[in-house]
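Peer 1: Below are the structure tokens for one structure; questions will follow.
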Amino acid sequence: MSVRAPPGKVCPTPPLSLYVHLPWCVRKCPYCDFNSYAVRRAGHSAVEIPEARYVDALIADLDASALFPQVRDREVVSVFFGGGTPSLFSGEAIARLVAAIRARLNVRADAEITLEANPGTVENEKFAAFEDAGINRLSLGVQSFSDTLLKAIGRIHDASDARRAIEAAAQHFPVFNIDLISGLPGQRVEDVLDDVEQAIAFSPAHLSNYALTLEPGSAFWSKRPELPDADLCADMLDAVEERLTVAGYAHYEVSAFARAGNECRHNLNYWTFGDYLGIGAGAHGKLTGGDGAEIRRQTRWKNPETYIARANAGRAVEDDFPIPPRELPLEFMMNALRLRKGFDAALFEARTHLSIESVGEILERARDAGLIERTETWIRPTPQGSRFLNRLLTMFVPDRRQETEDRRQMKTDRCC
Ligand SMILES: C[S@@+](CC[C@H](N)C(=O)[O-])C[C@H]1O[C@@H](n2cnc3c(N)ncnc32)[C@H](O)[C@@H]1O
Ligand code: SF4
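Counting from 1, position 338 in the sequence shown corresponds to residue 1179 in this note's numbering; the numbering is continuous, with no gaps.
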């Protein structure tokens, strides 16, 4: 993978976003494999979230991160509080965090600042406090409006809690998102359409419709529920797309739909292989060096208590390594091919510093297989390519032997 791209028309330094991980939830949902910890576990008394200590640790992490050469002097275009359940945190804690972030990083005045909320943790006053803190986009994990399905997937809220939360969100945030999941146990196409219909009635600017995935380590992985088959799940996704298109939502990414101008800026930065600093327990980051020549991945300590201790000692980062150039095409495609409109070849070259022709043969094969369409400057997945995205991405997996050699070399580099 030695073919370097000539200087292109896309800015060589990608936009920078900030992700903040808040890892506690009321209860662990059986389908979830996020780095999240239940405050209530069967047979145990509820544990207290160490809110103030965790916020202190995040601020210590920010202090150190703001000095990274790949972060210093760069503008931050979006901030995302994800989890876990960030809405378990108090308004004061979120206000302290937003102020600390703005004091240490050069966050754009009009940056999109999203917070994820679980409808089971919502009060109107809390949303008012989040709004006062500077949150301007709320993402609500509704999943379904069916009480039976919500129970089957272990949610802590019912449909009426979800409706109340959406009404409160609409009062306080100019943009809010509703998360739905399809392919739930026993779900039919008409159930999915009913969920979508109820969501549309609240006129959200953004809607995400995820297909349920069974994740290793989740309760559903070890005790698999009866799920709709693949064809039925595909019919559900088609029906959702058709209904949302008629309602004026553009299907701009595999799972994301938005009214014009309301695409999630933070996620779009991921999908266009932008940079992000990730702080908080288990958070991941991707940062490009000043000259664009080196792209690094960072991971923070996963366990919250370990993270707190390490962050306070100025060592929140557990792992920090360069992405070998051979892996960049797959890393780029895993993001950009999620976009329905595809991407400009110049973006590939600017973000990876590789020539588009370095993946020319793979693109040819993908086109012959009907998985992408390509002009000289533009590449986009066909509907078939979007549906069988994993098959398409497999084509970009680098040669295993070379990968092992790259990793061995990286280890040697780090030891020295
Ligand atoms: C971090 S959660 C959102 C906030 C909050 N934790 C909640 O669940 O309400 C992000 C979203 O990912 C989706 N999700 C999580 N696990 C999933 C899975 N296994 N399959 C499909 N979607 C999933 C859900 O729609 C969820 O709202
Ligand atoms: S509330 Fe959200 S993050 Fe927490 S366990 Fe459930 S799906 Fe996972």
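Positions of the beta carbon are idealized from the N, C-alpha and C atoms, including for glycine. Note that the coordinates shown come from a computational prediction; the quantities given were computed from them, not determined experimentally.
Under 8 Å: does the beta carbon of threonine 926 sit that close to some heavy atom of ligand 1?
Peer 2: Translated into the one-based positions of the sequence shown, residue 926 becomes position 85. Yes, Cβ of threonine 926 sits closer than 8 Å to a heavy atom of ligand 1.
Peer 1: Can you pull the DSSP bridge partners for glutamine 984?
Peer 2: What you label residue 984 is simply residue 143 of the sequence shown in a count that begins at 1. Note: glutamine 984 sits in a beta bridge opposite Leu1021.
Peer 1: When you compare each of Trp865, Val920, Asp1116 and Leu1025 to aspartate 951 by their alpha carbons, which one comes out closest?
Peer 2: Along the sequence shown, one-based indexing puts residue 951 at 110. Aspartate 951 has its Cα closest to that of Val920, out of Trp865, Val920, Asp1116 and Leu1025.
Peer 1: May I have the straight-line CA-CA distance separating alanine 934 from glutamate 966, to the nearest angstrom?
Peer 2: Residue mapping note: residue 934 aligns to position 93 of the sequence shown, counting from 1. Residue mapping note: residue 966 aligns to position 125 of the sequence shown, counting from 1. Roughly 14 Å between the two C-alpha positions.
Peer 1: Say the cut is 8 Å; is the CB of serine 1049 nearer than that to a heavy atom of ligand 2?
Peer 2: If you number the sequence shown from 1, residue 1049 lands on position 208. No, Cβ of serine 1049 sits at least 8 Å from all heavy atoms of ligand 2.
Peer 1: Could you give the C-beta distance for leucine 863 and phenylalanine 930, rounded to a whole number, given that I count them as a contact under 8 Å?
Peer 2: Within the sequence shown, residue 863 is the residue found at index 22, counting from 1. Within the sequence shown, residue 930 is the residue found at index 89, counting from 1. The pair is a contact, with the Cβ atoms about 6 Å apart (cut-off 8 Å).
Peer 1: From glutamate 1202 to leucine 1171, what does the alpha carbon distance come to, in whole angstroms?
Peer 2: Position 361 of the sequence shown, counted from the first residue, corresponds to residue 1202. Position 330 of the sequence shown, counted from the first residue, corresponds to residue 1171. One C-alpha to the other measures close to 14 Å.
Peer 1: To which residues of the same chain is proline 856 closer than 6 Å at the C-beta, ignoring the five residues directly before and after it?
Peer 2: Counting from 1 along the sequence shown, the entry for residue 856 is found at position 15. Closer than 6 Å at Cβ, skipping near neighbours: Val918, Asn1110 and Gly1115.
Peer 1: CB-CB under 7 Å to isoleucine 1277, same chain, minus the five flanking residues each way: which ones, in chain order?
Peer 2: Any question about residue 1277 goes unanswered here, given that the chain covers just 842 to 1257.
Peer 1: Should phenylalanine 1043 and isoleucine 976 be called a contact, given that it needs their Cβ atoms to be closer than 9 Å?
Peer 2: For this step, residue 1043 is matched to residue 202 along the sequence shown. For this step, residue 976 is matched to residue 135 along the sequence shown. It is not a contact, given that the beta carbons lie outside the stated cut-off.
Peer 1: Does glutamate 953 come out as helix, strand or coil in the three-state DSSP assignment?
Peer 2: On the sequence shown, position 112 is the one that residue 953 refers to. Under the three-state reduction of DSSP output, glutamate 953 falls in the strand class.
Peer 1: Considering just the uninterrupted stretch of the beta strand (DSSP E) at aspartate 1116, what are its terminal residues?
Peer 2: Position 275 of the sequence shown, counting from 1, holds the residue named residue 1116. 1116–1120 is the span of the beta strand (DSSP E), which, as asked, contains aspartate 1116.
Peer 1: Could you tell me whether the region 1087–1094 touches the region 1021–1028, where touching means 3 or more Cβ pairs closer than 8 Å?
Peer 2: no
Peer 1: Looking at ligand 1, does it come within less than 8 Å of glutamine 984, judged from the CB to the closest heavy atom?
Peer 2: For the purposes of this step, residue 984 is identified with residue 143 of the sequence shown, where counting begins at 1. Yes - ligand 1 has a heavy atom lying nearer than 8 Å to the Cβ of glutamine 984.
Peer 1: If you draw a straight line from the alpha carbon of aspartate 897 to that of arginine 943, how long is it in whole angstroms?
Peer 2: For the purposes of this step, residue 897 is identified with residue 56 of the sequence shown, where counting begins at 1. For the purposes of this step, residue 943 is identified with residue 102 of the sequence shown, where counting begins at 1. Taking the straight line joining both Cα atoms gives about 15 Å.
Peer 1: Taking all protein chains shown into account, decide if valine 811 is buried (16 or more other Cβ within 10 angstroms of its Cβ) or exposed.
Peer 2: What is shown of the chain runs 842 to 1257, which leaves residue 811 out entirely.
Peer 1: Consider the C-beta atom of phenylalanine 922 and the heavy atoms of ligand 2; say whether any pair is separated by less than 8 Å.
Peer 2: By 1-based counting over the sequence shown, the position of residue 922 is 81. Result no, Cβ not under 8 Å from ligand 2.
Peer 1: Quick one: using the 10 Å Cβ neighbour count with 16 as the cut-off for buried, is threonine 1216 buried or exposed?
Peer 2: Within the sequence shown, numbered from 1, the residue matching residue 1216 stands at position 375. So threonine 1216 counts as exposed.
Peer 1: May I have a chain-ordered list of the beta strand (DSSP E) segments no shorter than 3 residues that lie completely inside the region 1037–1123?
Peer 2: 1047–1052, 1091–1094, 1097–1099 and 1116–1120, all fully within the region 1037–1123.
Peer 1: Could I get the ranges of all uninterrupted beta strand (DSSP E) runs contained in the region 872–953, with 3 residues as the minimum, in chain order?
Peer 2: 916–924
Peer 1: Any idea what DSSP makes of alanine 1187, helix, strand or coil?
Peer 2: Stepping through the sequence shown from its first residue, residue 1187 is reached at position 346. It is helical.
Peer 1: Can you find the residues in the same chain that come closer than 6 Å, C-beta to C-beta, to isoleucine 1022, ignoring five residues on each side of it along the sequence?
Peer 2: Mapped onto the sequence shown, residue 1022 falls at position 181. Gln984, Tyr1051 and Leu1053.
Peer 1: Identify every residue that forms a DSSP beta bridge with histidine 1125.
Peer 2: Position 284 of the sequence shown, counted from the first residue, corresponds to residue 1125. DSSP lists Thr1140 as the bridge partner or partners of histidine 1125.
Peer 1: Ligand 1 and isoleucine 954: does the residue's C-beta get closer than 8 Å to at least one heavy atom of that ligand?
Peer 2: As a position in the sequence shown, residue 954 is number 113, starting the count at 1. Answer for isoleucine 954: no, Cβ out of range of ligand 1.
Peer 1: Is DSSP giving phenylalanine 1229 helix, strand or coil here?
Peer 2: In the sequence shown, residue 1229 corresponds to position 388, counting from 1. Reduced to three states, the DSSP call for phenylalanine 1229 is coil.
Peer 1: Run the proximity test for proline 1173: is its beta-carbon closer than 8 Å to any non-hydrogen atom belonging to ligand 1?
Peer 2: Here residue 1173 is taken as the residue at index 332 of the sequence shown, counted from 1. The question names proline, but residue 1173 in the sequence shown is phenylalanine. Not so, every heavy atom of ligand 1 lies at least 8 Å from the Cβ.
Peer 1: Can you tell me which of the three DSSP states glutamate 1135 falls into?
Peer 2: As a first step, residue 1135 must be located in the sequence shown, where it is residue number 294. Residue state, collapsed to three classes: coil.
Peer 1: From cysteine 870 to lysine 1143, what distance separates their C-alpha atoms?
Peer 2: Start at 1 with the first residue of the sequence shown, and residue 870 comes out as number 29. Start at 1 with the first residue of the sequence shown, and residue 1143 comes out as number 302. Cα-Cα distance, rounded: 19 Å.
Peer 1: Would you say the beta carbon of arginine 868 is closer than 8 Å to some non-hydrogen atom of ligand 2?
Peer 2: If you number the sequence shown from 1, residue 868 lands on position 27. At least one heavy atom of ligand 2 sits closer than 8 Å to the Cβ of arginine 868.
Peer 1: Any idea which residues DSSP pairs cysteine 870 with across the strands?
Peer 2: Here the question's residue 870 lines up with position 29 in the sequence shown. None, per the DSSP bridge assignment.
Peer 1: Taking aspartate 1032 as the reference, which of Phe1229, Arg894, Leu1078 and Thr1140 has the closest Cα?
Peer 2: Along the sequence shown, read from residue 1 onward, the residue named residue 1032 stands at position 191. Closest option to aspartate 1032, Cα to Cα, is Leu1078.
Peer 1: Cβ of cysteine 1105 versus every heavy atom of ligand 2: is any distance shorter than 8 Å?
Peer 2: Working through the sequence shown from its first residue, we reach residue 1105 at position 264. No - ligand 2 has no heavy atom lying nearer than 8 Å to the Cβ of cysteine 1105.
Peer 1: May I ask you to check if the CB of threonine 1054 is nearer than 8 Å to at least one heavy atom of ligand 1?
Peer 2: Numbered from its first residue, the sequence shown carries residue 1054 at position 213. For ligand 1, at least one heavy atom lies less than 8 Å from the Cβ of threonine 1054.
Peer 1: Which term fits threonine 926, buried or exposed, when burial requires 16 or more other beta carbons within 10 angstroms of its beta carbon?
Peer 2: Within the sequence shown, residue 926 is the residue found at index 85, counting from 1. Burial call: buried.
Peer 1: Determine the direct distance from the alpha carbon of glycine 982 to that of histidine 885, and round the result to whole angstroms.
Peer 2: By one-based count along the sequence shown, residue 885 stands at place 44. By one-based count along the sequence shown, residue 982 stands at place 141. Distance between the alpha carbons of histidine 885 and glycine 982: 25 Å.
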